Amino acid sequence: MKYYISSKLKKMMHGGDYNPDQWINTPEIWDEDMRLMKLSGCNVMSIGIFAWAALEPEEGIFEFGWLDTIMNKLADNGCYAVLATPSGSKPAWLSRAYPEVCRGDADGHRQPHHGRHNHCRTSPVYRDKSQLINRKLAERYKDHPAVLVWHVSNEYNGQDCHCKLCYKAFQDWLRVRYDNDINKLNHAYWSAFWSHTYPDWSYVEPVDPSIHGLMLDWERFKTKQTIDFFKNEIVPLKELTPDIPITTNFMTESKTLDYWAFAKAVDVISWDSYPGWHEKGDDVKEAARIAMHHDINRSMKNGKPWMLMESVPSIPTRGRVKKRKEPGMHLLSSLQAVAHGSDTVQYFQWRKSRGGLEKFHGAVVDHVGTENTRVFRDVSEVGHKLAMLDDVVGSTVKADVALILDWENEWALDLGAKVYLGDNVKYREECVSHYTPFWENSVSVDVIDQTCSLDSYKLVVIPMSYMLRPGFADKVASYVENGGTAVMTYWSAVVNESDLCMLGGIPGQGLRKVFGVWEEESQSYYKDETVSFSVIANNSLGLTGSYKAVDTCSVVHAEGAEVLAVFEDTYFAGSPAITVNSYGKGKAYYLACRNKTEFLNDFYEKLIADLSVKRCLVGLPEGVVALNRTDGENKYTFLMNFNDDARTVAFDDTYIDLLTGKSVAGSVNMKKFDVMVLES
Amino acid sequence: MKYYISSKLKKMMHGGDYNPDQWINTPEIWDEDMRLMKLSGCNVMSIGIFAWAALEPEEGIFEFGWLDTIMNKLADNGCYAVLATPSGSKPAWLSRAYPEVCRGDADGHRQPHHGRHNHCRTSPVYRDKSQLINRKLAERYKDHPAVLVWHVSNEYNGQDCHCKLCYKAFQDWLRVRYDNDINKLNHAYWSAFWSHTYPDWSYVEPVDPSIHGLMLDWERFKTKQTIDFFKNEIVPLKELTPDIPITTNFMTESKTLDYWAFAKAVDVISWDSYPGWHEKGDDVKEAARIAMHHDINRSMKNGKPWMLMESVPSIPTRGRVKKRKEPGMHLLSSLQAVAHGSDTVQYFQWRKSRGGLEKFHGAVVDHVGTENTRVFRDVSEVGHKLAMLDDVVGSTVKADVALILDWENEWALDLGAKVYLGDNVKYREECVSHYTPFWENSVSVDVIDQTCSLDSYKLVVIPMSYMLRPGFADKVASYVENGGTAVMTYWSAVVNESDLCMLGGIPGQGLRKVFGVWEEESQSYYKDETVSFSVIANNSLGLTGSYKAVDTCSVVHAEGAEVLAVFEDTYFAGSPAITVNSYGKGKAYYLACRNKTEFLNDFYEKLIADLSVKRCLVGLPEGVVALNRTDGENKYTFLMNFNDDARTVAFDDTYIDLLTGKSVAGSVNMKKFDVMVLES
Amino acid sequence: MKYYISSKLKKMMHGGDYNPDQWINTPEIWDEDMRLMKLSGCNVMSIGIFAWAALEPEEGIFEFGWLDTIMNKLADNGCYAVLATPSGSKPAWLSRAYPEVCRGDADGHRQPHHGRHNHCRTSPVYRDKSQLINRKLAERYKDHPAVLVWHVSNEYNGQDCHCKLCYKAFQDWLRVRYDNDINKLNHAYWSAFWSHTYPDWSYVEPVDPSIHGLMLDWERFKTKQTIDFFKNEIVPLKELTPDIPITTNFMTESKTLDYWAFAKAVDVISWDSYPGWHEKGDDVKEAARIAMHHDINRSMKNGKPWMLMESVPSIPTRGRVKKRKEPGMHLLSSLQAVAHGSDTVQYFQWRKSRGGLEKFHGAVVDHVGTENTRVFRDVSEVGHKLAMLDDVVGSTVKADVALILDWENEWALDLGAKVYLGDNVKYREECVSHYTPFWENSVSVDVIDQTCSLDSYKLVVIPMSYMLRPGFADKVASYVENGGTAVMTYWSAVVNESDLCMLGGIPGQGLRKVFGVWEEESQSYYKDETVSFSVIANNSLGLTGSYKAVDTCSVVHAEGAEVLAVFEDTYFAGSPAITVNSYGKGKAYYLACRNKTEFLNDFYEKLIADLSVKRCLVGLPEGVVALNRTDGENKYTFLMNFNDDARTVAFDDTYIDLLTGKSVAGSVNMKKFDVMVLES
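Chains as they are written, first to last, in this note's numbering: chain A, 6 to 685; chain B, 6 to 685; chain C, 6 to 685.
What follows is the structure, encoded as structure tokens:
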């Protein structure tokens with residue numbers, strides 16, 4: 006079974022953000038672009054992302070001539086367009102004619118017109134104007150052969166708008182959420198605290214960090230309002246081009262929007278991925294972090310292929326020190342995305358602008374303007390290699406393991422748990438820590454949120470699920486009862502969806518019984534402190550030795566669970582550090598502390614073995630990872646060396662490396678940053 | 006002679022902030038509270054601190070039913086109430102109906118209604134409304150048997166309000182202060198500097214950090230206006246309940262209000278104490294810092310018992326890393342307050358709220374809701390031990406030594422001396438440094454300000470008294486002349502009360518003659534720099550050896566004083582580091598540099614011996630401290646081990662330990678964080 | 006040939022900022038000032054800098070009585086006045102009567118009246134009022150014998166004013182700059198980026214950091230508007246006192262104004278110099294940095310004498326830790342300025358104020374008020390020594406070497422290149438690095454900007470000339486073609502004057518050909534990283550060995566240039582690190598990386614030898630520097646030891662030390678911070 010992003014192009018897509026509107030006065034550069042696209046193996050370009058001022062220079066005056074020319078040139082050159090709607094950056098006349106389209110500050114002032122992504126998501130005028138330009142685009146290009154995918158707006162984000170329109174919409178949304186009963190809201194926000202009681206809806210303004218439930222609802226509202234805005238944008242697209250798939254480029258590393266909620270509204274997932282290669286000194290660690298984020302995007306549509314919509318061929322506009330991708334890394338980094346399910350390698354940006362904030366942001370074509378640059382050659386190599394992977398297009402990934410990473414929980418931790426854990430919250434980092442041992446063992450992982458089904462997994466990992474969304478506790482209980490294995494950590498099931506603390510002991514909502522433990526209190530540690538714990542002899546999982554916990558340890562009481570390890574230090578020496586409880590047909594592990602790699606590797610390797618979790622390849626050196634894609638019949642193994650020196654890999658079987666067409670068997674030397682795509 | 010906080014209850018008080026208004030819908034929790042209070046030995050609860058919205062849900066509509074119930078339940082269970090006025094947090098309807106009650110920002114905007122403690126102290130409306138609710142409370146509960154003490158508002162602070170009402174009040178206050186003569190103000194502010202001359206009072210706005218005298222007056226005004234507000238609050242209380250003592254909980258560690266000025270307006274002193282045990286690695290050092298603050302509170306009412314109004318049984322809502330009190334520390338920390346004169350151990354908070362900023366702030370009753378927690382057991386132990394100390398209630402402390410810590414001087418140093426000393430000001434830390442050697446030697450110290458009498462002391466220590474308040478220099482001169490011993494440091498007597506520099510050499514206002522030195526200039530040092538000084542052989546105090554100064558050294562010229570030590574390093578090598586001058590019948594020591602513990606210990610031990618200053622016990626190990634309370638007849642010795650391991654203590658006499666009822670004599674092993682209360 | 010600042014006083018000037026308006030009520034202090042001026046050898050005082058409130062206490066009411074008295078006293082005591090205009094700080098009545106004179110914040114609010122230097126440069130009212138008070142001053146004192154120089158305002162700076170008046174003036178200035186063609190502006194700002202297209206001039210507001218060209222023009226406008234303001238101030242001065250030279254005190258270390266543009270408008274250059282002696286542990290390094298800034302001031306008027314207008318006799322009001330000048334440093338630091346062409350040593354300030362922000366800023370007369378202070382003696386020594394240097398007055402400096410330090414380029418780097426280089430921009434520090442080897446070798450250097458002529462130099466050094474101003478590339482090409490030697494670094498000639506990137510490869514505008522290299526890409530490094538490069542054997546400059554580059558390395562392709570050194574590390578190992586190209590009759594060196602002292606010393610020593618660049622003295626120990634001043638006939642050699650210990654210096658010739666009148670020859674011991682002024 007294969008899933009194609011577009012039936013128009015059953016090939017790996019390669020290209021990038023293309024801003025021909027910046028070069029309207031130099032059409033010879035447009036022609037040079039076409040030549041260079043071919044030369045670099047680029048077949049798909051994202052067009053018009055910030056072109057509103059060029060498309061509608063005055064209100065109601067539309068100029069499509071330049072875009073017609075470009076679309077035709079692309080088609081003539083066998084190239085396709087990911088056609089953008091331009092709402093990400095509004096033209097100056099719009100802000101002046103309708104000040105309501107500019108965002109409001111927390112003190113009630115309108116922001117000036119400047120920058121980008123600074124429009125109000127609620128403004129009826131902005132919704133009308135953006136829908137209108139989208140309609141014009143759809144009308145004009147609906148039958149154009151180059152149109153492949155809609156790229157709606159750009160990097161929607163959850164920045165605050167404190168205008169009156171947004172407040173009214175927020176209050177109306179709360180009224181529905183709380184059944185038109187202000188007392189329900191007062192209870193949910195525990196507003197008796199500090200006399201915060203809200204007399205009616207009009208008093209509820211999202212400017213009070215002391216009311217965690219309120220600020221959490223404000224985060225939810227921003228995601229909801231962004232999706233509403235998006236849905237308004239796509240009305241004419243769905244109407245006029247029902248067969249063109251719609252995406253918007255997510256910033257999956259960002260906390261500001263709940264992308265799981267957003268994912269339901271798009272046809273195909275795409276995201277903008279900017280790894281920090283070579284910056285932090287450990288590319289293997291960074292590769293694991295990026296792998297997890299790739300997996301979130303794949304999981305959002307149940308494993309279907311997604312689009313790497315932005316990546317950079319050299320260095321982005323950010324950071325204090327800029328590290329260029331060293332030789333080999335561009336291909337490896339690009340194919341890593343494909344290994345995790347992407348059917349595209351797209352860049353920001355095709356050609357560097359001459360001025361403005363992103364003028365030095367890495368691009369396929371540099372200011373020098375020729376193909377004679379290292380970066381252009383790197384990109385061309387990727388184009389060349391992608392062309393060899395047409396068979397992989399449409400294939401997918403199956404995982405035995407799920408990791409829960411939940412945006413609403415992340416908001417709740419940041420808003421409501423920092424008052425207790427301080428800087429030690431680090432939720433996303435903790436998720437990466439639990440993800441990495443699987444990745445290191447070449448095990449595919451789905452990264453899902455609390456709303457997803459757990460039924461298909463052998464193992465579900467639940468780090469720091471501080472806030473329980475409705476139904477999740479029951480789902481975990483039922484999953485374990487029916488034979489599943491769950492791993493949960495300290496600081497889980499502490500509050501409900503309103504950030505109200507559970508009464509009666511945590512983990513709450515029945516999970517105390519599932520895991521057979523009660524967590525009484527937690528202790529935080531400074532960066533250089535550790536707490537030792539040692540494994541109980543002859544424990545059921547076969548762990549041995551002792552380990553060092555960091556950051557946070559919880560004092561836990563076993564209430565039926567088997568104690569696998571106990572703390573050695575401090576006043577709670579002897580209390581359980583690791584437990585496992587048999588519940589129904591399944592098992593529920595509890596980790597009472599934050600752990601370092603040493604323990605997590607040992608622990609999950611035992612579980613992988615215990616549960617016969619699938620591994621793509623075994624016996625690989627550290628930092629060399631193998632992951633499969635499959636269409637049900639064929640299996641494609643991406644083998645990647647993230648070490649900055651060579652490693653020897655031994656194969657039991659014989660494969661063909663699709664990137665070279667050569668046979669691979671026995672003991673093979675993988676160079677620094679080497680990558681193979683093996684078919685058996 | 007004994008002084009009782011309330012004649013209603015001549016016992017140690019134990020309890021905490023209690024917010025039954027958060028649990029109105031679950032009266033079964035109210036009953037559980039009563040059960041748990043008894044179980045934990047709690048007899049006094051602070052009620053209604055943030056209950057304005059519950060007491061007056063709409064303007065003029067009062068709801069006392071729930072509070073009646075709680076007050077009766079308390080009385081029925083033998084428990085008392087510290088009844089609060091609710092002005093610390095205003096209800097939402099009040100901010101909307103009367104926007105003037107919200108504070109103004111420096112740019113003239115009203116702050117939105119949110120948070121707490123954000124009302125204008127000048128607003129007539131807010132003064133009327135808070136007085137009205139206070140009157141209602143006093144009318145209703147004036148004869149209720151549970152009412153013990155009034156807790157007026159909560160943690161008044163000196164945050165800025167820049168509204169027009171406050172500016173007008175400030176300018177009217179200045180008019181009085183400067184005899185209705187704007188030229189006096191211009192001279193006091195040295196406003197010719199940078200052409201700042203004020204044409205009339207309406208120009209004087211507290212927004213100019215370049216005019217130190219102005220900003221210093223603004224600090225004074227904020228304290229004055231806060232006390233005014235407080236006095237307005239208590240009018241109906243004094244009228245209707247003349248026998249109920251009134252307090253408000255100070256934040257004595259805070260710089261924002263001059264609590265010495267405030268102390269005169271209250272009947273009994275109370276403060277909120279949140280030590281950072283285990284956080285900075287040295288509990289002995291932290292104990293000394295807290296001890297000094299306890300002593301300020303005791304000194305404010307001439308040694309009469311005070312109330313520890315807030316403390317935390319586990320961890321507060323603050324800080325990056327949270328360290329729970331280790332076993333033993335809760336009892337030790339609680340009894341340390343009693344040792345310094347407190348007759349209460351009160352907590353914030355009784356029961357954790359389910360939501361809001363302080364939902365994880367330590368409490369007697371955790372979300373789990375039972376007595377089966379380590380914290381509840383710790384609290385119960387304190388309750389049990391306090392019940393054994395009824396004899397101590399009402400006793401007081403007598404000190405031979407006074408340390409001057411003056412809020413106005415602290416403001417002046419921060420506003421006017423940072424331009425010279427930069428980060429090296431650290432006034433409060435310097436006070437702690439001079440306090441610690443006495444504490445380490447089991448010497449009681451009164452910590453007073455420049456307005457206090459010095460007559461009763463054998464020794465007065467005056468660290469960094471940069472700003473002289475009117476009359477202080479004469480008081481010091483007369484004190485020494487009549488036989489007193491004074492120790493003063495560098496950077497004293499530099500400016501007058503308007504932050505105008507003394508002309509004619511410092512220390513000014515006659516102190517140059519008293520101390521027999523002229524301080525010409527100062528040199529600052531980075532954190533890792535030191536300057537050596539060595540003691541003059543055969544000096545009159547018997548000091549020997551050499552020491553290392555830090556942070557700041559002054560170049561001083563002896564003008565009649567004996568030089569005890571001279572600097573060894575830098576261009577001022579050979580100039581005096583320590584001097585002593587005979588003046589009248591007394592002696593005046595001058596320390597020309599900031600010193601580390603090594604010197605201060607040696608120096609003050611010599612003085613303690615020289616002046617026959619009383620020590621509670623002698624020969625104690627480091628970190629073990631003994632302090633007395635006495636009623637004139639009986640003497641209670643609190644013996645405390647702040648070390649995190651055991652210490653052996655040898656006694657010459659035989660005592661009874663009131664906490665155990667057992668006899669204590671000879672050599673005794675004190676465990677980590679052990680505490681005894683000895684009666685001979 | 007000699008150039009005198011004023012024909013009235015052909016002597017070294019010595020004095021400082023004098024604020025008698027602060028002491029109007031204590032005329033006995035005025036008399037004491039006169040006595041102390043004589044005693045300290047002070048002959049020139051800056052008067053009235055912040056005296057507007059004293060001169061015009063109410064609108065239109067002028068009070069000159071006190072100033073008459075002071076001016077007469079000065080004249081009677083043989084002392085002169087640098088008479089200030091008072092616009093640096095406006096009186097309070099002016100801000101209230103005409104709110105437009107206060108600056109606007111970026112959000113459109115007026116700033117309150119307070120502080121200083123906070124007026125709008127555009128406001129017609131402020132221009133009128135400041136011109137009027139200047140006219141009154143000029144009318145009254147035009148014939149007064151004490152008037153020597155006009156000190157217009159004080160430390161003009163480039164702080165933003167976002168008021169409507171400034172925006173209108175900015176837009177009008179842009180209209181002229183872009184030939185009344187908004188499309189020219191849109192192209193220059195590359196505003197198609199992010200749909201920023203400006204429909205007309207009224208949309209152009211300087212609040213968008215994403216448009217680098219816009220923000221760069223805003224910087225230019227602020228300099229232009231400041232000069233306009235200055236020119237308006239001096240109208241009555243030029244009219245009424247055409248023979249009195251005019252200056253304003255520059256802050257040459259500051260980035261906020263283009264002082265080269267400003268220099269054309271003044272008669273004599275003056276600047277305020279506050280070295281950080283002893284603060285950073287290396288006085289030699291600090292001396293080089295200050296030397297470079299002295300040389301900028303001298304170069305601004307082609308070598309003519311300038312005025313050290315502010316320096317501090319002890320410590321300024323700034324910094325975290327304050328280090329006083331150690332013995333000897335005050336004389337050395339003062340004469341260092343003279344060595345670089347100053348004919349004055351002026352201080353801020355004569356007498357410490359009693360209150361206000363600068364009350365502890367170092368002064369000749371301390372609060373103690375007597376001459377018996379170390380600082381007063383230090384100042385008197387300078388006065389005494391300066392009196393021996395009358396022959397030096399009016400002499401100048403000739404340099405073979407020019408270093409390009411360009412304010413507009415500095416702005417462009419900060420605004421437009423930080424997005425790529427991050428914290429590694431450090432332009433001014435890089436200029437100091439290239440300046441230091443010449444200074445260490447006793448070679449005089451002119452420090453000029455891109456608008457200056459290069460013709461008279463043997464060697465021109467061009468560090469990081471990221472932005473090319475119009476005509477500069479041609480000037481460099483022609484300079485080299487005609488036999489000059491140029492040294493240029495990485496990150497030069499990247500953008501044009503609008504911050505538009507050069508197309509076709511950098512260095513752009515023909516410099517690729519001049520230097521014979523193409524710079525393809527750059528790599529940044531963290532602080533602790535280095536990249537080795539090694540010298541090619543038998544290279545034409547005679548370099549040997551290998552070195553370590555830091556911060557930034559560029560990948561450069563030699564296109565005709567000789568490769569002198571190649572990188573050893575990283576993926577670009579083997580590519581050129583140092584090159585030289587023969588172009589016309591000259592040579593063009595290119596440095597592809599940031600270098601440390603080791604390389605720059607070796608490199609420039611080779612070039613100094615190769616080009617026979619003049620050195621003042623040879624064979625001096627490290628940290629001992631000699632520099633000449635000359636009147637064409639006589640040569641004065643300033644020999645300075647910046648080491649904090651003694652050094653032995655060997656002389657080939659015999660000299661007279663003007664400071665002692667003694668003969669100097671053979672081997673001489675220079676003490677720590679010793680200085681001589683030698684005449685042969």
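C-beta: ideal position from N, C-alpha, C; glycine also. Just so it is clear, the structure is predicted and the values come from calculations on it, not from any experiment.
Residue i - containing beta strand (DSSP E), residue span
i	result
Pro581 of chain B	Pro581 to Tyr588
Asn600 of chain A	Cys598 to Asn600
Residue i versus the options, residue with shortest Cα-Cα distance
i	options	result
Ser319 of chain B	B:Gly388, B:Phe353 and B:Gly308	B:Phe353
Leu394 of chain B	B:Ser483, B:Lys290, B:Glu238 and B:Gly666	B:Gly666
Gly361 of chain B	B:Ser12, B:Gln27 and B:Met18	B:Gln27
Ala80 of chain C	C:Thr228, C:Thr549, C:His167 and C:Lys43	C:Lys43
Exposure of residue i, with buried meaning 16 or more beta-carbon neighbours within 10 Å
i	result
Gln164 of chain C	exposed
Val181 of chain C	exposed
Lys357 of chain C	buried
Glu415 of chain A	buried
Close-in-space but distant-in-sequence residues of the same chain around residue i (CB under 7 Å, 5 per side omitted)
i	result
Ser447 of chain B	Arg620, Cys621, Leu622, Leu625, Val630, Ala631 and Leu632
Val568 of chain C	Ile541, Pro581 and Thr584
Start-to-end residues for the alpha helix (DSSP H) that takes in residue i
i	result
Leu41 of chain C	Pro32 to Leu44
Next on the checklist: Under 8 Å, with one C-beta from each stretch per pair, do the stretch 326-339 of chain B and the stretch 90-106 of chain B reach the 3-pair mark?
Outcome noted: Contact between the stretch 326-339 of chain B and the stretch 90-106 of chain B is not established, with fewer than three Cβ pairs separated by less than 8 Å.
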